[in-house]
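Below is one structure, written out as structure tokens; comments come after it.
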Amino acid sequence: MSTDTDHAVPADDPQGRPGGVTTEAPATHPDGSTPSRRWLGDRIGSVEVLAALLILLIIVRDPLAGALDDPRLQTWTTVFVSIMVQAVPFLVFGVLLSAVIAVFVPRSFWARALPRHPALAVPAASAAGVVLPGCECGSVPIAGSLIRRGVTPAAALAFLLAAPAVNPIVLTATAVAFPGNPEMVLARGLASLVVAMVMGWLWLRLGRTEWIRMPRRPELDDPRRGRAFWAAVRHDVTHAGGFLVLGAMAAASINVLVPERLLQTLADNAWLSILALAALAVLLSLCSEADAFVAASLSQFSLTSRLVFLVVGPMVDLKLISMQAGVFGRRFAFRFAPTTFAVALLVAAAVGAVLL
Amino acid sequence: MNRQAQAVVLLLLGGAVLRASLSDLYLRYVKEGLRPFLIAAGLLLVVAAIMTLWYELRPVLTRSDEPADDHDDHTHHEPRVGWLLILPVLGLLLVAPPALGSYAANQSGTALNAPRQSDYPPLPDADPAPVSVLDYAARALFDRGASIGDRRVLLTGFLATGEDGRPILARMVLSCCAADGRPVKLGLTGDVPAGLPDDTWVEVIGRYSDRIGRDPVNDAEIPYLQVESWRPIPTPKQQYD
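Read top to bottom, the protein sequences are chains A and B. So for the first sequence, UniProt numbering puts the first residue at 1; every next one is plus one. So for the second sequence, UniProt numbering puts the first residue at 1; every next one is plus one.
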């Protein structure tokens, strides 16, 4: 394995090339310790803090449980825990796959597997997303690994959008949830694929590689593959998982705070209902395997607005924005997510107008 | 958060997921079908934690001549956001919140919207015939009770307070996890359970009623049940339909 694996940008090409992405310089301190660790001397590290925290929590367990008697807080906790429990298997399997990509799949494989021209790599990557059943929580680290391994960001981003939105499980769930409207399955698959490819091509035209700042990962260069693999797993679970927690907290808050009665008043206006369900998809952050059932229950809304809900949800939502900001950097996420939202909304509304 | 601390957090998270999925706790949050994946994911997290600790501690234990490399590497800032993973661990190990109940049921509209099927199979032979709240509601609304006739039915659900302050029978339906949980609600007439707080689980025996109410949340139709007898029961293992 070459030693420059993680240096995606060659030194003589500071602007980056299609496959190249800047990685953050390590925040080294001259004396080899971070400022926060100096705070109580070198003796108190994270493990000690963690141990103290856990002991404290066991002591305050009863008052804590008492504080959760309020039904709102209790519902919030239930929804938060259930989003996490639901997402953990997808997160772990996605991270395993991304670690395999990062450590075991040689760079040359991607050069051979994907069409050389980036504009053709985009539809190829979207098609790969269709075959791979995944959840959005898993596809973020996978897309991160693909970019690290030299796949052009446009193709990796098309994969990121297509994988959770169109795959056999999601389409089957949609067919089950809309037994009376089989055209919904076609509309969802078509609209999501178009959005993924449009976003890939848009990135080729307008995207700037310097927006993507991926944290430097020296451990991936470790020639001992096993060690590098487990380091990647450990890092990705804590990193992507931490951002997943942030997103799950936001989604649980929305779930408890936004009353459904409010939606009822929005459903009557055709345009307002599309915007309302697009916004709701972002805020609720449902798993793409479940959102069809929720959409089916929003029966006061038009089919087109529910299609928008199904196309936007797996591509832009609070937990995804949070995870993308963590994996690709904030400058990227704050440009990519709103653009995806607009494209998904327009494409889904157009497809809905034609097919539904 | 250094690597040892990350390993401890992964171990806790894996342990919490394993504990929830090996007991019945996970049924409060997700569907039964997720169990094998939860167990596999929990085991993998534990293995990842053990491997991390192994690679971290081995150079110290064996005093091998490998450079104790990564003691400087700790400075590559390890993800601080990982601390947040303690929250779901706490949620599962210390708090273990209950399944969604009457509060959530009152927040959202009844979930029965489209006819599930055009003709319904006959009820089970037993008298009273055990049916789920969802099944009864679908039969009562979409074929106006034709497949129920004057049979006695046995339903299990929890109590919530309806629009007019009278108790209703509800059950939450999940398609994936509790975040997408939606209630199915039944109005009660006849011998309505009285004197029980919300969220009490009851077993109700009754007959089809042609009375129809409206859900104030989404204006959907709520079918009624003519209650003949009821009794409180302990919370069932599988609280969702």
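Note that CB positions come from ideal geometry on N, CA and C, so glycine has one too. Note that the coordinates shown come from a computational prediction; the quantities given were computed from them, not determined experimentally.
N-terminal and C-terminal residue of the beta strand (DSSP E) that Tyr-185(B) is part of: One point to set straight first is that residue 185(B) is Lys, not Tyr, in the sequence displayed. First-last of the beta strand (DSSP E) with Lys-185(B): 182-190.
Of all the CB atoms in chain B, is at least one closer than 8 Å to the CB of residue 382(A)? With chain A represented from 1 up to 356, any question about residue 382(A) goes unanswered, as that position is not in the structure.
* Contacts of Glu-289(A) in chain B (Cβ-Cβ under 7 Å) -> Cys-176
Practice item. Would you mind working out which of Leu-157(A), Ser-82(A), Asp-236(A) sits nearest Trp-201(A), comparing C-alpha positions? Key: Leu-157(A)
- request: Determine whether the Cβ of Tyr-240(B) lies closer than 8 Å to any Cβ atom of chain A.
  value: no
**Item:** Whether Leu-220(A) touches Val-103(A) by CB criterion (8 Å)
**Value:** yes
>> Which of the three DSSP states is assigned to residue 301(B) in this structure?
In response: Because chain B in this structure spans residues 1 to 241, residue 301(B) falls outside the shown range and cannot be described.
Report task. Could you name each continuous beta strand (DSSP E) segment of 3 residues or more that falls completely within the region 246-291 of chain A, going from the start of the chain to the end? Result -> none
Report the partner residues of Trp-201(B) according to the DSSP bridge assignment. Phe-158(B)
Practice task
Would you grab the beta carbon distance between Leu-161(A) and Met-199(A) for me? Rounded to a whole angstrom, and I think it's under 8 Å.
Solution key: 6 Å
Rounded to a whole number of angstroms, what is the C-alpha to C-alpha distance between Pro-223(B) and Val-166(A)?
-> 36 Å
Checklist entry - Relative to the alpha-carbon of Leu-345(A), which residue among Leu-262(A), Val-312(A), Ser-108(A) has its alpha-carbon at the smallest distance? => result Val-312(A)
Query raised in the report: From this set, Met-315(A), Val-327(A), Gly-326(A), Ala-350(A), which residue's C-alpha is nearest Pro-338(A)'s C-alpha?
Result: Met-315(A)
Contact set for Asp-24(B): own chain, Cβ-Cβ below 6 Å, skip 5 residues either direction = Lys-237
Q) For Tyr-103(B), which residues in chain D fall below 8 Å Cβ to Cβ? A) Considering every chain present, this structure includes no chain D. Its protein chains are A and B.
Would you tell me roughly how many angstroms separate the C-alpha atoms of Gln-4(B) and Asp-291(A), rounded to the nearest one? 37 Å
For this session: Please confirm if Val-81(A) has its CB atom under 8 Å from at least one CB of chain B.
Result: yes
C-beta neighbour in chain B for Met-214(A), strict 8 Å: no
- Message: How far does the beta strand (DSSP E) with Val-173(B) in it extend, from its first residue to its last?
- Response: 167-173
Which residues in the same chain have their Cβ closer than 6 Å to the Cβ of Val-195(A), if we skip the five residues on either side of it in sequence?
-> Val-343, Ala-344, Val-347
Taking CB distances under 8 Å as the criterion, tell me whether Gln-324(A) reaches chain B. no
Q) Run through DSSP, which three-state label would Pro-182(A) get? A) coil
Review point. Which word fits Glu-48(A), buried or exposed, when buried means at least 16 other C-beta atoms lie within 10 angstroms of its C-beta?
Key: exposed
- Message: Buried or exposed, going by whether 16 or more other CB atoms sit within 10 Å of the CB of Ala-27(A)?
- Response: The predicted position of Ala-27(A) is uncertain, since its pLDDT is 44 and thus under 50; no value can be drawn from it.
Segment limits, beta strand (DSSP E) that includes Pro-223(B): 221-232
(Q) Our contact map puts Glu-183(A) next to Leu-356(A) with C-beta atoms below 8 Å; I'd like the distance itself, whole angstroms only. (A) 6 Å
Interface residues of chain A around Ala-99(B) at Cβ under 8 Å? Thr-78
| message | Can you check whether the C-beta of Ala-65(A) is within less than 8 Å of a C-beta belonging to chain B? | response | yes
ask   = With C-beta atoms as the reference, is residue 265(B) less than 8 Å away from Ala-179(B)?
value = Since the first residue shown for chain B is 1 and the last is 241, residue 265(B) is missing from the structure and cannot be characterised.
Quick one: Cα of Asp-191(B) to Cα of Val-227(B), how far?
5 Å
*the UniProt domain "DUF1980" (151-240) of chain B: which residues have C-beta closer than 7 Å to a C-beta of chain A, in chain order?*
Ser-175, Cys-176, Cys-177, Ala-178, Ala-179, Asp-180, Arg-182, Val-217, Asn-218, Asp-219
How should Val-294(A) be labelled, buried or exposed, when 16 other C-beta atoms within 10 angstroms of its C-beta is the threshold for buried? buried
Point to revise | C-alpha distance - Ser-102(B) paired with Lys-185(B), whole-angstrom precision | key: 10 Å
Taking the alpha-carbon positions, what's the Cys-177(B) to Ile-168(B) distance?
24 Å
message = Going by C-alpha to C-alpha distance, which of Gly-213(B), Arg-214(B), Arg-152(B) sits closest to Trp-230(B)?
response = Arg-152(B)
Same chain, Cβ closer than 8 Å to Pro-115(A), neighbours up to 5 away in sequence not counted: Ala-121, Ala-124
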